[in-house]
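Here is the structure we will look at.
Protein chains: 2
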Amino acid sequence: MASASRSVSVKDVAAAAGVSVGTVSNVLNRPEKVSPTTLAHVTAVIDRLGFIRNDAARQLRAGSNRAVGMVVLDVANPFFTDVARGVEESLAEVGRPLILGNSGQDPDRERTYLDLFEEQRVSGLLVSPVGSVLPRLRRLRDRGTAVVVVDRRVEGQEFSFVAVDDLRGGRLAAQHLLDRGHRRLAFVGGPAEITQVELRLRGAREEVDAVDGATLRFVETDTMDAGAGRRGAEELLALPAEERPDAIFAANDLVALGVLQALTLAGLRVPEDVAIIGYDDIDFAASAAIPLSSVRQPREQLGAVAAELLLARIEDPHGPVTEVVLEPTLVVRRSTGG
Amino acid sequence: MASASRSVSVKDVAAAAGVSVGTVSNVLNRPEKVSPTTLAHVTAVIDRLGFIRNDAARQLRAGSNRAVGMVVLDVANPFFTDVARGVEESLAEVGRPLILGNSGQDPDRERTYLDLFEEQRVSGLLVSPVGSVLPRLRRLRDRGTAVVVVDRRVEGQEFSFVAVDDLRGGRLAAQHLLDRGHRRLAFVGGPAEITQVELRLRGAREEVDAVDGATLRFVETDTMDAGAGRRGAEELLALPAEERPDAIFAANDLVALGVLQALTLAGLRVPEDVAIIGYDDIDFAASAAIPLSSVRQPREQLGAVAAELLLARIEDPHGPVTEVVLEPTLVVRRSTGG
DNA sequence: TTTCTTGATTGAAAGGTTTCAATCACCGAT
DNA sequence: ATCGGTGATTGAAACCTTTCAATCAAGAAA
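These protein sequence lines are chains A and B, in that order.
Heads up: the first sequence begins at 151 in the working numbering, then just goes up one per residue.
Heads up: the second sequence begins at 151 in the working numbering, then just goes up one per residue.
Structure (structure tokens):
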């Protein structure tokens, strides 16, 4: 009748096995210190009673949690789930669980998750900061939590980070569009405060400014999903024909897919009337209505390196701060006439 | 110099504020029981000292964790992340964090996560069981953990569950293809042991068997991603022309996208040469190379209902077992000639 | 037989929070 | 001046595991 009989503790095991709690603990944590006979006996009792370690007590005693926390910007974006998966796999190898929180770009939710992780005393933290959480991160670090920033640079050698060169990515995209002969470019994405958006835009602008007669219009969105892309595209479609861009650079692939959808719906041909390039090169980019050109980020590598840096920091909290910047690459497909 | 000075505890706060630990605890948990003066004072001290609750100790004392665990089949599949997001949002409203584990269809990893959640004494568990974990779930339930099964039925009124009628979904898909005049159908997906695959296939078979001259070929895959879809399609392409299907029903949209890609690459026209229908209706289905027909599962609802059932069970562990079966709907797009 | 050595086992303390019965201080009523 | 009552505060106990100094047992060496 499912009576939630109180949980079995080491004490119960000890009593049932006729040994001390210390011995039970040794069986659990240092079996080599225990004589084979008692080891077998206690193990049997553990199984029989269905004893399960209470992780809360273990942590309390240990002072910290083996788990690692990660705050991810948007679980609906395959880019981030791929990175998270890379992290999770690396951590699983060393037996550390990953606790995933989804901030959805919302500073409030980001803060809520940081609170949670702080209360949980996680041993490490992976963050792609959205709000101005640096002071928060400093406090966590000073308290002994390893912190690694993912997909964003941090000045001043304060934190280890892995990032992809977004400025260069922005350049690659714009360069490609300009090479193809486009001159009226538009950049769709936002909000502008997001570092990645800002850098990709700046990179693009630098390239555009270097070419005579080339222009770049910035259409700011408040999120980075397909819906935002659709709305951004509609805004561009509403322009008088002579101002309408002949090439669109979307801040990520989800936005690009939305743009693509809106343009197709409006009867425009891609890439003949308007070329489109995205960013991230998620798996879906290749199988879009018109296969999408994109700036590829090495996302598995991003996750793996992030995990590696974090583990190094957990090992040696006073070790050197490491900064890794990975290179993006251009992937040309149909949507820009590939 | 980042000296990881030992964490500030209630005791430290009490000492600094000149009150007892009991009062500090009251400030934290029952502020209405504390006089306004002390409340203000203690709160100030908490801020000044940067005190953060130690969740391990709190849980130890409370006996259970507020968090809820969820084991998800495949984080790379937007269907599951959408469901998870629905769950997370419902839980956030009542201040419960969600700990997400990704089994990747692997029974071993599923077990690892269940172990973790059990050690963590989570107050509830959402599972889409992949292996034969029913005994495990029973044990957890008997121990007082609320358990709700997601996206799968369970016989015998043992567990509350939310599922979508997969048999009917399979029927809808096959019916639609048959209505369009197709007679040589193929079903791509697997492994066959997965309940959802089995039911969708069975539903399709029932419809096919009811039509004279209609056939259904089962191409079994070992996973459910785009790669599996591509390989499945290649297998079909290798058949002699007269045996080649004129319509393909994929067990989910990722597989369908892979199939679509392989067929397009091989120069076949969709839907003229071969029609394709997927399952789930993830957001990407609509923006595929050729917009994909699909059987839509109400995934946000699935997540919300799952959270609701779980919370009800946490409230009243001895309440009645609730079984909810949601209806899938057919969404017709270009890939079947919509 | 006694003393050493070694390996196995013990048991109490510590870790931080919450709970709750007990105490305290104070005010109004008698 | 005393009593009762009320609201605020206290402090010890409990939650479960791990650690480590101390003890014990048994066999080897003297």
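Even glycine gets a Cβ: it sits at the ideal position worked out from N, Cα and C.
Note that this is a predicted model, so its numbers are computed, not measured.
So that I know if they touch, is there some Cβ in chain B lying closer than 8 angstroms to that of A/Asp329?
no
Do B/Arg289 and A/Gly200 have their beta-carbon atoms positioned less than 8 angstroms apart in this structure?
yes
Thinking C-alpha only, which one of B/Ala401, B/Gly353 and B/Glu477 is nearest B/Thr371?
B/Ala401
Report yes or no: is there a C-beta of chain B within less than 8 angstroms of the C-beta of A/Ser184?
Looking at the sequence provided, one finds Val at residue 184 of chain A rather than Ser. No, A/Val184 lies away from the interface with chain B (no Cβ there is under 8 angstroms from its Cβ).
Looking only at C-alpha atoms, which of A/Glu260, A/Leu276, A/Asn215 and A/Ala435 sits nearest to A/Gly453?
A/Leu276
Counting only Cβ pairs nearer than 8 angstroms, list the residues of chain A close to B/Asp403.
Correct list: empty, because the minimum Cβ distance to chain A is about 10 angstroms.
Do A/Met374 and A/Asp224 have their beta-carbon atoms positioned less than 8 angstroms apart in this structure?
yes
Are the C-beta of B/Thr373 and some C-beta of chain A separated by less than 8 angstroms?
no
Closer than 8 angstroms is the cut-off here; do at least three beta carbon pairs connect the stretch 327–334 of chain B with the stretch 350–367 of chain B?
yes
Three-state secondary structure (DSSP) of B/Phe399
strand
Under 8 angstroms between C-beta atoms of B/Ala406 and B/Gly379:
yes
Let me see if you follow: with CB-CB separation under 8 angstroms, is B/Ala154 close to chain A or not?
Note that B/Ala154 scores a pLDDT of 44, beneath 50, so its modelled location is shaky; the value from the coordinates is reported in the next line. Yes, its Cβ sits closer than 8 angstroms to a Cβ of chain A.
Chain B within 8 angstroms of A/Asp359, Cβ atoms only:
no
Which residues bound the alpha helix (DSSP H) around A/Ala192?
With the sequence shown as reference, residue 192 of chain A is identified as Val, and Ala is not the correct amino acid for it. Looking at the DSSP string, the run of the alpha helix (DSSP H) that includes A/Val192 is Pro186 to Leu199.
Given a cut-off of 8 angstroms on the beta-carbon distance, is the pair A/Val347 and A/Val409 in contact?
no
What's the call for B/Asp301, buried or exposed, on a 16-neighbour Cβ count within 10 Å?
buried
Does any C-beta atom of chain A lie closer than 8 angstroms to the C-beta of B/Glu268?
yes
Excluding the 5 residues preceding and the 5 following A/Asp315 in the sequence, name in chain order all residues of the same chain whose CB lies nearer than 8 angstroms to its CB.
Val475, Leu476, Glu477 and Pro478
A/Asn179: first and last residue of the uninterrupted alpha helix (DSSP H) it sits in
Val171 to Asn179
Residues bridged to B/Asp430 (per DSSP)
B/Arg446
Decide if B/Ser485 is buried, meaning its Cβ has at least 16 other Cβ atoms within 10 Å, or exposed.
buried
In the DSSP output, which residue or residues are listed as bridge partners for B/Val474?
B/Val312
Can you find the residues in the same chain that come closer than 8 angstroms, C-beta to C-beta, to B/Lys161, ignoring five residues on each side of it along the sequence?
Val171
Along the chain, where does the alpha helix (DSSP H) that runs through B/Leu386 open and close?
Ala376 to Leu387
Which residue marks the beginning of the alpha helix (DSSP H) containing B/Val233, and which one marks its end?
Pro228 to Glu243
For a quick check, are the C-beta atoms of A/Gly353 and A/Arg318 less than 8 angstroms apart?
yes
Provide the residue(s) that pair with A/Glu215 in DSSP beta bridges, ordered along the chain.
The displayed chain sequence assigns Asn, not Glu, to residue 215 of chain A. According to DSSP, which records beta bridges pairwise, A/Asn215 is partnered with A/Val272.
Put A/Gly251 into one of helix, strand or coil per three-state DSSP.
strand
May I ask you to list, following chain order, the residues of the stretch 246–268 of chain B that have a beta carbon less than 9 angstroms from some beta carbon of chain A?
Pro247, Leu248, Ile249, Leu250, Gly251, Asn252, Gly254, Arg259, Thr262, Tyr263, Asp265, Leu266 and Glu268
When you compare only the Cα positions, how much space is there between B/Ser153 and A/Ile464?
In this prediction, B/Ser153 scores a pLDDT of 39, lower than 50, which makes its location untrustworthy; the coordinate-derived value is nonetheless stated afterwards. B/Ser153 and A/Ile464: Cα-Cα distance of roughly 14 angstroms.
Less than 8 angstroms between CB atoms is the rule here; does A/Asn204 satisfy it with respect to chain B?
yes
DSSP three-state assignment for A/Ala152, whether helix, strand or coil
Only weak support exists for where A/Ala152 lies, its pLDDT of 35 falling under 50; the value from the coordinates is given anyway. A/Ala152: coil per DSSP, three-state reduction.
Beta-carbon proximity of B/Ala438 to A/Ser437, cut-off 8 angstroms:
yes
Selection from A/His468, A/Gly488 and A/Val482 that minimises the alpha carbon distance to A/Ser310:
A/His468
Please classify A/Arg303: does DSSP put it in a helix, a strand, or coil?
coil
C-beta neighbour in chain B for A/Phe434, strict 8 angstroms:
yes
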